[in-house]
Amino acid sequence: MANTFKFGNGNWAVKEDYALAYNDENGNFKPLPFDFTRASTATRVNKDGLIETVPSGKPRIDFTDNTSGHLLLEPSRENKFPYSNQKVSGGLETFTSGTASITVTNNYATSPDGSQNAMRFQATCGSTSSDQTGLRDALSMSAASATLSFYGKSNTSSSQTIAFHFNGGTKTVVTLTNEWQRFTYTDTSGTTNNAGVEIRGTYTDTDVDVLLFGFQMEQASYATSYIPTSGSTVTRSGETCSGAGNSTVFNDSEGVLFVEMAALDNQGSATSTVISINDGTSSNRIHLFYFVADNTIYANYRSGGTTRSTAEFTLSNTANVNKFAYKWKSGDFALWVNGVEVDTDTNTTMISSDTLDELDFYAGGGGANFYGKTKDLRVYNTALSDSELQALTSN
Numbered sequence: 235m236a237n238t239f240k241f242g243n244g245n246w247a248v249k250e251d252y253a254l255a256y257n258d259e260n261g262n263f264k265p266l267p268f269d270f271t272r273a274s275t276a277t278r279v280n281k282d283g284l285i286e287t288v289p290s291g292k293p294r295i296d297f298t299d300n301t302s303g304h305l306l307l308e309p310s311r312e313n314k315f316p317y318s319n320q321k322v323s324g325g326l327e328t329f330t331s332g333t334a335s336i337t338v339t340n341n342y343a344t345s346p347d348g349s350q351n352a353m354r355f356q357a358t359c360g361s362t363s364s365d366q367t368g369l370r371d372a373l374s375m376s377a378a379s380a381t382l383s384f385y386g387k388s389n390t391s392s393s394q395t396i397a398f399h400f401n402g403g404t405k406t407v408v409t410l411t412n413e414w415q416r417f418t419y420t421d422t423s424g425t426t427n428n429a430g431v432e433i434r435g436t437y438t439d440t441d442v443d444v445l446l447f448g449f450q451m452e453q454a455s456y457a458t459s460y461i462p463t464s465g466s467t468v469t470r471s472g473e474t475c476s477g478a479g480n481s482t483v484f485n486d487s488e489g490v491l492f493v494e495m496a497a498l499d500n501q502g503s504a505t506s507t508v509i510s511i512n513d514g515t516s517s518n519r520i521h522l523f524y525f526v527a528d529n530t531i532y533a534n535y536r537s538g539g540t541t542r543s544t545a546e547f548t549l550s551n552t553a554n555v556n557k558f559a560y561k562w563k564s565g566d567f568a569l570w571v572n573g574v575e576v577d578t579d580t581n582t583t584m585i586s587s588d589t590l591d592e593l594d595f596y597a598g599g600g601g602a603n604f605y606g607k608t609k610d611l612r613v614y615n616t617a618l619s620d621s622e623l624q625a626l627t628s629n
C-alpha cells in the first residue's frame, strides 16, 4: 500500500497563506501545499499551553487538550464584549445588592496568554439569594442563540464556586480550581442581556477570591477560540484551506481517505462540514462530512454528477475526536469508524481515470466549509484490507 498524501499527525509545516502536506511515495517527500485564507488575526493554544495571537493568513495549529496538535478551522465570529479582560465604565461593570460587596482589580495576575492581564474578583456574600454581586455587561443579541465564555481560576488554595448566566436565564454553577479553565454557556431565548459572572448567597456562603480572563459573547450556539478585545468589539474572519495535491496523488478507481478529526461543537448545527477529494467541481468527488444536526458522519462517492455510493454512521458526539476511513473500489466500498466497519456498498460505477486532482476542506466546487479540528489526514492509493483499516482507525 502507498500512503501518497499525509497531513498532520504531529508533523506540521505552516507559513503565511499555506499549510503543507507531503507525498512520501517511494520515500520521497514532496511539498503539496494547501492554499489558506483568513483576513484577520486569530488566537491558538501553543505547545506551552498559552494562548497566542497568529497573524492574518497563517494557519493555526492548536494544542488544546492534546500534545500533537490539530489544524483549527473556524467560521467568522465577533466578540460582543468590548473589554474582554478589564472592568471599565461602559464595558464590564460590577453590580451588588443586599449585604454583598465586591472589589475588582485589573491586570492583577498572569492569564492564560502569559501576560499580567487577568482580573482579580473579590466578593463578600451574604446568606440569602438577595445578597448578590458580580461582573457583567449589558448585551443584546439579534440571533436565536448566544454563547458566553470566560476563563476562571481560584486565587486561593481552595476551589471556589461561582455562577454565570444571561439575565433572566438559568444560572450555571461552576467550580474554579487552581488551574485555569474555560467555561461556556449557551442561551437560546434570543433575548440575551446582562451576560456575566455572579456571586450570591445561594451559590456560596464564603468570601470569594478568583481570577477571571477572556470574556467572550458570540451570536452562535457554541464557543470558538478566544477573540481579545480592548475597547471595541472584534471580529475574527472565517478560514478556508483547499487545493492540495494533484492527479498523480489520488487514485480514482481505488483508495482510502483517512481522517482523525472533531467537529467544533455538538449543538445541532443544521449545516454539514466537509473534507473532499475532487476535480474542482461537484460532479466527481469523494466526501467525508459531518452533519452535526444529528451527530452523523457521512461518506459518499460521486461520478459524472451522480452519487454512486453513500455510507453513514451516527456518533455519540461529533465534538469528540474520532478516526474515520472511507474505502472505495469497484464492488467494495466501506466506512470504518474507530476500529469498526460500520457501513458497506457494492457500487461498480467509478470515476474516470486521472480525474481527481485536489483535496479541500470544503465540498468539491466550494461550499460546506469544514470547520473543525484535524489531527491527522492521509490518502492511500490502494483499497486497504479489513485488518489494515481496523488497525488504522483503532485508538
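Under this note's numbering, the first residue of the sequence shown carries the number 235, and numbering increases by one thereafter. For each residue, glycine too, the CB sits at the ideal point set by N, CA and C.
For this session: Give a yes or no on whether the C-beta atoms belonging to Val576 and Phe547 are separated by under 8 angstroms.
Result: yes
For this session: Inspect the CB distances between the region 555-572 and the region 475-494 and report whether three or more fall short of 8 angstroms.
Result: yes
For this session: For Leu296, count neighbouring Cβ atoms within 10 angstroms of its own Cβ and tell me buried if that reaches 16, exposed if not.
Result: Inspection of the sequence shows that residue 296 is occupied by Asp rather than by Leu. Label assigned to Asp296: buried.
For this session: Under 6 angstroms Cβ to Cβ from Ala236, same chain only, skipping five residues before and after it: list those, please.
Result: Glu259 and Asn615
Exercise. Does DSSP classify Thr277 as helix, strand or coil?
Worked result: strand
Problem set entry | Residue closest to Gly283, alpha-carbon to alpha-carbon, out of Arg416, Val338 and Gly573 | Arg416
For this session: Give every residue of the same chain whose Cβ lies closer than 6 angstroms to the Cβ of Ala504, excluding the five residues on either side of it in the sequence, and list them in chain order.
Result: Unreliable placement is indicated for Ala504, whose pLDDT of 49 sits below 50; no coordinate value is reported for it.
For this session: Check Leu626 in the structure and name its three-state DSSP category.
Result: helix
Exercise. Where DSSP assigns a beta bridge to Ser510, which residues make up the other side?
Worked result: His521 and Asp594
For this session: Locate the beta strand (DSSP E) running through Thr548, then write down its first and last residues.
Result: Thr540 to Thr548
Exercise. So, is Ala553 buried or exposed, given that buried needs 16 or more other C-beta atoms within 10 angstroms?
Worked result: buried
Problem set entry | Beta-carbon proximity check, Val613 vs Phe239, cutoff 8 angstroms | yes
For this session: Mind checking who Ser383 pairs with in its DSSP beta bridge?
Result: Thr418 and Gln450
Problem set entry | Exposed unless 16 or more other CB atoms sit within 10 angstroms - verdict on Asp347 | buried
Exercise. Is Glu473 buried or exposed, if buried means 16 or more other CB atoms sit within 10 Å of its CB?
Worked result: buried
Exercise. Which first and last residues belong to the beta strand (DSSP E) in which Lys292 is found?
Worked result: It is not in any beta strand (DSSP E) - Lys292 carries neither H nor E in the DSSP assignment.
For this session: Indicate the three-state DSSP secondary structure (helix, strand or coil) for Asp620 in the structure shown.
Result: helix
For this session: Go ahead and pull the three-state DSSP assignment for Ala478.
Result: strand
Exercise. Run through DSSP, which three-state label would Asp499 get?
Worked result: coil
Exercise. Cα-Cα, which of Glu592, Asp443, Asp499 and Tyr596 is closest to Ser455?
Worked result: Asp499
For this session: Less than 8 angstroms between the CB atoms is what I'm expecting for Ala352 and Ala343, so what's the real figure, rounded?
Result: 5 angstroms
Exercise. Do we get a CB-CB distance below 8 angstroms when we pair Thr467 with the residues of chain B?
Worked result: Judged by its chain identifiers, the structure shown contains no chain B, having just a single protein chain.
Problem set entry | Range covered by the beta strand (DSSP E) that runs through Glu575 | Val574 to Asp579
Exercise. Skipping 5 residues on each side, what residues in its chain have a beta carbon closer than 8 angstroms to that of Ser391?
Worked result: Asn412
Problem set entry | For Ile396: DSSP bridge partner residues | Val408
Problem set entry | Delimiting residues of the beta strand (DSSP E) encompassing Gly584 | According to the sequence shown, residue 584 is Met rather than Gly. No beta strand (DSSP E) contains Met584, which DSSP labels as neither H nor E.
For this session: Could you pull out every residue in the same chain whose Cβ sits closer than 7 angstroms to the Cβ of Thr463, ignoring the five residues on either side in sequence?
Result: Asn313, Phe315, Pro316, Tyr317 and Ser318
Problem set entry | Euclidean distance between Cα positions of Leu307 and Cys359 | 42 angstroms
Problem set entry | Cα-Cα separation between Thr580 and Thr627, rounded to whole angstroms | 22 angstroms
Exercise. With a CB to CB cut of under 6 angstroms and the five nearest residues on each side skipped, what residues in its chain are close to Val555?
Worked result: Ala496
For this session: In angstroms with no decimal places, state the Cα-to-Cα distance between Pro289 and Ala334.
Result: 43 angstroms
For this session: Measure the C-alpha to C-alpha separation of Phe447 and Gly291 and round it to an integer number of angstroms.
Result: 26 angstroms
Exercise. Going by Cα to Cα distance, which pick from Ser388, Thr515, Ser466 and Ser587 is closest to Ser564?
Worked result: Ser587
For this session: Report the rounded CA-to-CA distance for Thr482 versus Glu592, giving the unit in angstroms.
Result: 10 angstroms
For this session: List the residues that DSSP assigns as beta-bridge partners of Arg570.
Result: Checking the sequence, you will find Trp at residue 570 rather than Arg. According to DSSP, which records beta bridges pairwise, Trp570 is partnered with Ala559 and Glu575.
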